[in-house]
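Numbering (UniProt numbering), first residue to last: 1 to 646.
Spelled out as structure tokens, the structure:
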């Protein structure tokens, strides 16, 4: 035994060490062994002054009587009591466990277990007659052993009913854990101990030390704790707020009521939903366009998994729909799971009025909270396009007739064969600046390359005029135009022509017809100069062209004219080609299939229809869309379309 420890051997106990001391309360707690060498706890009460009245012994006797009749596995048994020269001692069962004041990371499930076990002890105390109120629930007075069994200790400040039974200290309770009614010496109830339990649980949840709990309490004795830890289930948070309510009438009336409310609650840690955008702006630049944007959902809380679903908030202007099947707002996924999720939201403006603003709301319901979070969706639709009028149609007819005569004239003058090649380069510029018309997408670089190839082939044709008839030259011209205008330069979205195949086919046919591929080297310089000049002019006027192509209607108008011109040139030149070919055939008096040149000429004559058919198909498709557009605009003007209002 240490020399600094009292000698209790004559009472049958050997002190081992001091466990704790409350100097103000005149109490010291020791670990000791009894005569059977079993560990026990001895709590010594010393009178405040020497010579004080021993009448206080009656109060201790009342406490001993109360504690001896308590039989609960969560309350250490009181084994003995004896007087000392300067006070009084009580002997309790020793519990091998640590107090909740010992720093440790507690999981929500462990904290709920501690709360349930403590409430069961308090329910037992409050079932006594009269009820017992502990008055000093705090982390230091709750012990937990290795099996997570919970024990409530230190009944030095306990009250039995409305009467105080242990007046061994002036301060009866611990600041920060005493409810207001106890702090101001008002009537205590069975709800009073709940406040101290709630403050204790908050210490465990937030990692707050007992001495610092006062920093969380405002002037109205309300404990503010929600901001100190990750989100928890709403029911769990509400339960904690209720048992720590400053007004006793706002708490559960008893430990039994608080226990019944806590048992069914889920206290798992919640994920935290963070949305990259709480508002999205969808602006359509084209009529009936589908516009998409992406939102990112993230969860920074470890050991949790974010999950939920998207839905569109019902709106009186929208047709009836389920939350996940909206008429014009869609999601690439209606449900999500993960801590970093990207979701694409798409707005289909074809169901909406043109040049109109819309506002809707998207709900994001997740396991992070009971209330859904809202993403505001703002939509601005594009204006209605203007279809071609009568003047536009008449202009196309005039262009077709004039270009047909131009093609006829080009077929009669070999040196003018460079002009269609230049048209191909200009058409390339049109694709680059105007971005094409309905159904066609442009690749500017490849279009320019094939335009230059077309010019080179035209130069080759000029060099070999002495070896081949005008028919071959004319037919080959349109094969070159096919490569320059359509082969690699343009992609037909509807027909899906393979760019490389067409380009290779053009080159192969040209080689078969002319054979002398080496002449390409001698003609590069001849044809490269005008092509480069056209390119420089285009770059100079690029800004003006882009300004001119401000609206889709203007781009379509120019595209229609160019395609119509190509169609007319092809028709005019092909008429000459076919007539000359038929004239040649009339001079032959032997079977046509005996001359391979005649067979080749017939084949390439038929191929000459390809550069005519392709612009024709493009023009027919676009004009068909124009007719549909005109009918749509007419119905739109008469309010006959079932479009959704803002």
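The beta-carbon is built from N, C-alpha and C at its ideal position, and this holds for glycine as well. Here the structure is a predicted model, which is why all the values come from computation and not from measurement.
The alpha carbon of residue 309 has as its nearest neighbour, out of 296, 335 and 46, the alpha carbon of 335. With distances taken between CA atoms, residue 253 lies nearest to 194 out of 217, 206 and 194. Within the same chain, no residue comes within 6 Å of residue 6 by CB-CB distance, once the 5 residues on both sides are set aside.
Per DSSP, the continuous alpha helix (DSSP H) segment holding residue 206 begins and ends at 192 to 206. Residue burial annotation: residue 87 is buried, with at least 16 other C-beta atoms found within 10 angstroms of its C-beta.
Counting along the chain, the unbroken beta strand (DSSP E) around residue 84 starts and ends at 78 to 84. Taking residue 233 as reference, the option from 270, 206 and 260 with the minimal CA-CA separation is 270. Around the C-beta of residue 148, fewer than 16 other C-beta atoms lie within 10 Å, and the residue is accordingly described as exposed. DSSP lists no beta-bridge partner residue for residue 213. DSSP lists 337 as the bridge partner or partners of residue 307.
Residue 42 has 30 and 91 as its beta-bridge partners, per DSSP.
Inter-residue distance for residue 181 and residue 249 is about 11 Å (C-alpha atoms, whole angstroms). Residue 186 sits in coil when the DSSP states are folded into three classes, being neither helix nor strand. Listed in chain order, the non-local C-beta contacts of residue 398 below 8 Å within the same chain number zero, local neighbours out to five positions each way being set aside.
Residue environment analysis places residue 360 among the buried positions, since at least 16 neighbouring C-beta atoms fall within 10 angstroms of its C-beta. Residue 100 is positioned such that its CB atom lies closer than 8 Å to that of residue 200. Burial of residue 174 is indicated by the presence of at least 16 other C-beta atoms within 10 angstroms of its C-beta.
In the three-state reduction of the DSSP assignment, residue 141 falls in the helix class, which pools H, G and I. Judged by DSSP secondary structure, residue 116 falls outside any beta strand (DSSP E) and instead within the alpha helix (DSSP H) spanning 108 to 126. Just so you know, the alpha carbons of residue 190 and residue 251 end up roughly 10 Å apart.
In this structure, the alpha-carbon of residue 364 lies about 14 Å from that of residue 340. In the three-state reduction of the DSSP assignment, residue 152 falls in the strand class, which pools E and B. Under the three-state reduction of DSSP output, residue 13 falls in the coil class, being neither helix nor strand. Contact check between the stretch 260 to 278 and the stretch 207 to 227: fewer than three CB pairs, one atom from each, fall below 8 Å, which does not count as touching. For residue 256, the closest of 367, 128 and 13 by C-alpha to C-alpha distance is 128. Out of 298, 238, 400 and 315, the CA that lies nearest to the CA of residue 307 is found in 298. Taking C-beta atoms under 8 Å as the contact rule, residue 39 and residue 94 qualify, at a distance of about 4 Å.
Spanning the alpha carbons of residue 382 and residue 343 requires a straight line of approximately 24 Å.
Excluding five sequence positions before and after residue 197, the CB atoms of its chain that fall closer than 6 Å to its own CB belong to 118 and 137, given in chain order. Of 241, 352 and 386, the smallest CA-CA separation from residue 282 is found for 352.
Per DSSP, residue 329 is not a residue of any alpha helix (DSSP H); the beta strand (DSSP E) it occupies stretches across 329 to 331.
When C-alpha distances from residue 230 are compared across 213, 33, 245 and 267, the shortest belongs to 267. Less than 8 Å separates the beta-carbon of residue 176 from that of residue 214.
With a contact defined as Cβ atoms closer than 8 Å, residue 347 and residue 362 miss out at about 11 Å. Note: residue 359 is bridge-paired with 378 in the DSSP secondary-structure output.
In this structure, the beta-carbon distance from residue 16 to residue 28 does not fall below 8 Å.
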